[in-house]
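In full-length UniProt numbering, the protein residues as written are 1 to 280.
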């Protein structure tokens, strides 16, 4: 169980491992391009080699890429649909160059087409992403906070995607965001609710598919269906919830990435480490 945070690539992708080390990360996450679209950070063999060298020098154990926010495989707008396919594939290729373990992505929303047609378009898009892909970076589906008709806010919906007959041979996994899951109705405030939530996850999806966590407290109440991160121990999940989470036997090999505001991310890392070091 290693801890880290989302860090900046300001000044060049190769700076990310240095930025991670400065705040005490063991693992880290980046956007490899602007999360809002437009400019794409340049990447060639020389930059990739320097990135990996810096990661090694800074004792970073694993790193991840988050896709831009505009990804929507289920969009009725074909420009958005096909750009989502293209960008996720590009991020997998860029991840392979950088030595990233995973790219994680949100999937979009069914609001344009409805669930039945949106699901078909989503599956077709994911199939295209992996057509001819030979890279080493895997793709993770991130659980969503469930506002509107957003895709991926329930375990049942996630497993319906992962276990689709045309996707079962593709190594898809899950990034579990603690705030998103909490907002979508998966309680993790106590030892008992953590046990129930991940027992259900294991039964429906398989704990082996859970590759990493985004670790955030919640500004909104349980089952609120809104994406609002809070610093660890200062939200509605609370410190006891994170104590139960970090002590759960099924989760001991999972890494935790903070996506909290940077004004207190170092303090958040310390809270997680303090909890972890006190485990019995």
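Glycine is no exception: its CB is placed at the ideal position from the N, C-alpha and C atoms. Because the structure is a prediction, the values reported are computed rather than measured.
At a cut-off of 4 residues, the continuous stretches assigned as alpha helix (DSSP H) that sit fully inside the region 173-256 are 178-183, 191-204, 238-247.
The region 81-98 makes contact with the region 64-71: 3 or more CB pairs, one atom from each, lie closer than 8 Å. In chain order, 178, 179, 229, 259, 260 place their CB closer than 6 Å to the CB of residue 216, counting only its own chain and leaving out the 5 sequence neighbours on each side. In the three-state DSSP reduction, residue 69 falls in the coil class, being neither helix nor strand.
Rounded to whole angstroms, residue 278 and residue 113 show a C-alpha spacing of 49 Å.
Taking each of 237, 27, 53, 82 in turn and checking the Cα distance to residue 183, the smallest one comes out for 237. Collapsing the DSSP output to three states places residue 29 in a strand.
For the 9 Å CB-CB criterion, residue 210 and residue 98 do not form a contact.
The alpha carbon of residue 157 has as its nearest neighbour, out of 108, 134, 135, 188, the alpha carbon of 108. For residue 102, the pairing in a beta bridge is given by DSSP as 64, 138. For the pair residue 225 and residue 181, the Cα-to-Cα distance works out to about 9 Å. DSSP places residue 48 in the helix class (H, G or I) of the three-state scheme. In the three-state scheme derived from DSSP, where H, G and I count as helix and E and B as strand, residue 267 is classed as helix.
The residue among 62, 270, 82 with its C-alpha nearest the C-alpha of residue 126 is 82. Following the DSSP letters along the chain, one finds residue 4 inside the beta strand (DSSP E) bounded by residues 3-6.
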